[in-house]
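Student: Once you know that position 525 of the sequence shown is 525 in the UniProt record's numbering, the rest is easy, because the numbers rise by one and skip nothing. All residues carry an ideal CB built from backbone N, CA and C; glycine is no exception.
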Amino acid sequence: MMMELLDQAIRERLLRPIDVQFARMIAPDHCPALQLAAAYLSAEVGAGHICLPITSLQPQCLFAGRQPELTRALWHAAKAPDVQCWRDSLQCSPSVSDGSQPTPLVLQYDRLYLQRMWQSEGDVVRFIAGSRVNEAINENQLRNILDQLFGTDTDEVDWQKIAAAVAVTGKISVISGGPGTGKTTTVAKLLIALVRLTAGAQLRIQLAAPTGKAAARLSESLGKTWQQLALNEIERKLLPDQASTLHGLLGIQLNSQRLRYHPANPLNLDVLVVDEASMVDLPMMAKLIAALPAKARVIFLGDRDQLASVEVGAVFGDICRLAVLGYSAPRAEQLARATGYRLDQLCNYHREKKNETLTTQTRVGDSLCLLKKSYRFDKKSGIGQLAEAVNTGKYQRALSVLQRNHTDVEYVVLTEAENYKALLQASVIGYQTYLEQVMQGNDAAEILAAFNRYQLLCALRAGSFGVSGLNQQIEHILRNKGLIRRSKRLSNDWYSGRPIMIGRNDSALGLFNGDVGIALPGAHGHLRVYFQLPNGDIKSVQPNRLPYHDTAYAMTVHKSQGSEFEHTALVLPPHFSPLITRELLYTGITRARRKLTLYASHQVLNHAINTSTLRRSGLVDRLYSRIKSD
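(1) Under the rule that 16 or more other beta-carbon atoms within 10 Å means buried, what is ILE18, buried or exposed?
(2) If contacts are defined as beta-carbon pairs under 8 Å, then ILE474 and VAL428 qualify, I think. What distance do you get, rounded to the angstrom?
(3) Write down the C-beta distance between ARG331 and ASP366 rounded to the nearest angstrom, noting that I regard them as a contact closer than 8 Å.
(4) For ASP506, which three-state DSSP category applies?
(5) In angstroms, rounded to a whole number, what distance separates the CA positions of ARG461 and PRO578?
(6) For the alpha helix (DSSP H) holding TYR420, just list the boundary residues, first then last.
(7) By a C-beta neighbour count over all protein chains shown, 10 Å radius and 16 as the cutoff for buried, is ALA338 buried or exposed?
(8) Please determine, among GLY497, GLN542 and ILE299, the residue with the shortest C-alpha to C-alpha distance to ALA523.
(9) Figure out for me which residue from ALA199, THR597, GLU276 and ALA215 has the closest Cα to the Cα of LEU307.
(10) Taking the straight line between their C-alpha atoms, what separation do you get for residue 632 and LEU322?
(11) According to DSSP, which residues form a beta bridge with residue 631?
(12) For SER97, list the residues DSSP reports as bridge partners.
(13) Rounding to the nearest angstrom, what Cα-Cα distance links THR152 and THR186 in this structure?
(14) Report yes if the C-beta distance between residue 635 and VAL125 is below 8 Å; otherwise report no.
(15) Grab me the residues of ASP621's own chain with a C-beta within less than 8 Å of its C-beta, minus the 5 sequence neighbours each way, in chain order.
(16) By the three-class DSSP mapping on this structure, what secondary structure does SER56 have?
(17) Measure the CB-CB distance between ARG615 and HIS76 and report whether it falls below 8 Å.
(18) Going by DSSP in three states, LYS566 sits in which element: helix, strand or coil?
(19) Candidates ASP515, LEU585, ARG485 and CYS31: which alpha carbon is nearest ASN452's?
(20) Quick check on the burial criterion: 16 or more other C-beta atoms within 10 angstroms. Buried or exposed for MET439?
(21) When we look at the beta-carbon of ASN391 and count the other beta-carbons within 10 Å, is it buried (16 or more) or exposed?
(22) Just the Cα atoms here: how many angstroms apart are PRO68 and ARG13?
(23) Please specify which runs of the beta strand (DSSP E), each continuous and at least 3 residues long, are wholly inside the UniProt domain "AAA+ ATPase" (169 to 326), giving them in chain order.
(24) Which partner residues of VAL516 appear in the DSSP bridge assignment?
(25) Quick check: the Cα distance between THR357 and THR433, rounded to an integer number of angstroms?
(26) Evaluate LYS224 with the Cβ neighbour count: other Cβ atoms within 10 Å of its Cβ, from every protein chain shown; 16 or more gives buried, anything less gives exposed.
(27) Evaluate the contact criterion for the region 402 to 417 versus the region 589 to 600: three or more CB pairs, one atom per stretch, below 8 Å.
(28) For SER89 and SER42, what's the separation of their Cα atoms in angstroms?
(29) Can you list, in chain order, the residues of its chain whose CB lies under 6 Å from that of PHE150, leaving out five sequence neighbours each side?
(30) Cβ atoms of LEU288 and LEU250: under 8 Å apart, would you say?
(31) Roughly how many angstroms separate the alpha carbons of LEU259 and HIS247, rounded to a whole number?
(32) Should TYR40 be labelled buried (16 or more other beta-carbon atoms within 10 Å of its own) or exposed?
(33) Heavy atom of the ligand NAP less than 7 Å from the Cβ of GLN403, yes or no?
(34) Is CYS51 buried or exposed, if buried means 16 or more other CB atoms sit within 10 Å of its CB?
(35) Tell me which same chain residues have a C-beta within less than 6 Å of the C-beta of TYR495, skipping the five on either side of it?
(36) For ARG504, is the classification buried or exposed, using 16 other Cβ atoms within 10 angstroms of its Cβ as the cut-off for buried?
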C-alpha cells in the first residue's frame, strides 16, 4: 500500500524516483512509517535541507501542503498518528540509531538525518564550538597595529576594525557583510596585522573561494588593495594575491571523492581565508575543516543574506544566526582594549533580541562580526535602498524605491508579451559592445572584461523567461543582426564570441562549475574557449574538450554568486514559483555595481519579498546544546 502511494507521489512530482528507491532499499514492507520517512528525507536533502524534523511528517506539513488528498493517504498508511508514534516507529528500526551505531539514518533531537549529513553537521559543530580566543597575544602591539591600519577615531565604531580584531585574536572568525561593506579591505588589513604581529615569521597564508570567478575576483580585489597600502618588502612577500577554488585547494580529483588533503595529510598553511562562504555547502565545509592543520587560523567571509549554497545546507547563514548571543563579557573587554572603543559600544552589538544576556558561555558569538555600513552605496543609491528594502521584507518600500527616478535603478513592469521584446532588445544592446570587440579581433582579456560589464540574470532555468529560453532568443536576434556567425568547422552551437558557463568540475583542465569563457579564434582560425584564471592569466581550451557547459548570455542568480557586473539585468517570470524568494531577489540585486534593471510584475515581486528561504538543519541547536554542556 505505502509503496503504491509513494509511486503515485512520483507521478505527482512530490518525490523523485531516487527517493522511493532509497525507501525500498532501507525499509521493509512491514515498516510503512519508515518507508515514508526515508523517501521524504531523501527528497528534502535533494531540496537542500540537512535533516527532516519529524514534526513535518504530520498531514498539514507533509510536502508543504501540496496534493492534500495524497499526503493524507500517505500519512494514514504510515500508521503513525502523532510525533510520539513517529519517534517510536523510527527508533525501533534497525536502520535508525541515535548516531552511536553505523546506521543509514540517524534520529537526534527529533530530527531525522542521513548518516553522512549527521556526521558532517557534527564535524562542523565540533569545529565551531571548539573555537578559542588567543589570550597570549600582545594587546598593546595589536592596538598600535590596528590604529595604524584603521585610524583612532572612537566616536563611531568601525566594525571593520572590530572584525580585524576578532580574526587576529581568534582561531576561527566569521565576518558577514553586504555589498560594499568592505569585506575585502577588512581581510587585507587583518592579514597585514597578522604578518606584523608575527614579526615577519614565514606565515603561510592561502586564499580560497567556492568558484573560479569568485577566486578571480578575490585575487583582483586584494591585489589592488595591496598596491594602495604602504607595505615593506617582507610584507609584500608574505601577503598572497592569488586565490584558488576550494576544489583546487583540497585537491579534489575529477569524478572521484578522493582528496589530496585530509586529516592524515593536512593543508600546508597557517592562515586560510575563504571568501563567498555562504556558497559553501555542508559536505564541502566538512571536507575543508577536516583538512585544516590543528593550529591553523581560518577566516570565513560572506553575506549571510544571500542565497545559500546550491547543494545541501546553509552553514554560513546558520552560524551567523548565533550573532544573537553577542560577545561574552571577557571577549568584549578584550576587543575594547584592542580597538580603543568603549565597552558599552561593543556590549550592545549583536544583541538582536531583547533581554539577551551576555555570559562567558557565549564564546561561539565571540567569533562573529557583522559589517553593516555600505561604502559603495550612499543614502541616495537606488540599488542600496532597494537591497535593504528587500532584505527587510518591505514590499511597499521596495516599490517606492523602484518607482522613483534613481539613476542606478530601472524598473520594467513585466507582462507576458509587451515587455518581453524590450527585455530581449535591451540584452542585445548590453552584449553588443563585447561582440563588436570580438569582430575587431581584440585580445581575450579585453573581450572577457567587456562581457562582464553586462549580465542578464534569471530566477529559473526553463521556460521563455528562464535561462534556456532567453539564451535561444538572444542568440536568434544576434544572428539576425549579423553580430554572430556559426562556425563552419564545429557543430552548429559554436561561433566566435559565444559565451559559455562550465557546469561540471574538471580538475584536469583546471575548470570548475561556474567558470565563464568565450569562444574566440585561435591559431589558424580554429575556435578555442578562453577563460580568465584566478591569478589573472588567460587560458584556452578546445571546445570539444570542455566538460558540460551552457551558453551564458543569461545565467541563473545561483550561478552568478561570487560575481559582480557593472550593469545587471534581473528578470523574474510573470508567474509564481517556489524558487523565487527574498534571498534570490536580494542576491540578484546585489550583483549590480553601478546599474540594475529589474523586470518583474508587481505580484511576483511582492511574492518574492515576502517569501524567505528556510534550510532545515540542526546546526544551531547542536551548537547551543554544546555551549550549555561546556
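Tutor: In terms of the structure at hand:
(1) exposed
(2) 6 Å
(3) 4 Å
(4) strand
(5) 13 Å
(6) Unbroken alpha helix (DSSP H) run through TYR420: 418 to 440.
(7) buried
(8) GLN542
(9) Checking every option, the nearest Cα to that of LEU307 belongs to GLU276.
(10) The requested residue 632 does not occur in the structure, where the chain is confined to residues 1 to 630.
(11) The displayed coordinates of the chain run from 1 to 630. Any statement about residue 631 would go beyond what the structure contains.
(12) VAL106
(13) 16 Å
(14) The structure shown does not extend to residue 635, since the chain is modelled only from 1 through 630, so no value can be given for it.
(15) So the qualifying residues of the chain are TYR109.
(16) helix
(17) Judged by beta-carbon spacing, HIS76 lies beyond the 8 Å limit of ARG615, meaning their Cβ atoms are not closer than that value.
(18) The sequence shown places Glu at residue 566, rather than the Lys named in the question. If DSSP states are grouped into helix, strand and coil, GLU566 belongs with the strands.
(19) ASP515
(20) exposed
(21) buried
(22) 13 Å
(23) 172 to 177, 205 to 209, 243 to 245, 271 to 274 and 297 to 302
(24) MET501
(25) Reliability of the predicted coordinates at THR357 is poor, the pLDDT of 41 falling under 50, and no value is obtained from them.
(26) exposed
(27) yes
(28) 18 Å
(29) Once the five neighbours on either side are set aside, the close Cβ partners of PHE150 are ASP158 and LYS161.
(30) yes
(31) 9 Å
(32) buried
(33) No copy of the ligand NAP occurs in the structure displayed, which carries no ligand at all.
(34) buried
(35) ILE484, ARG485, ARG486 and SER487
(36) By the neighbour-count definition (other C-beta atoms within 10 Å, threshold 16), ARG504 is an exposed residue.
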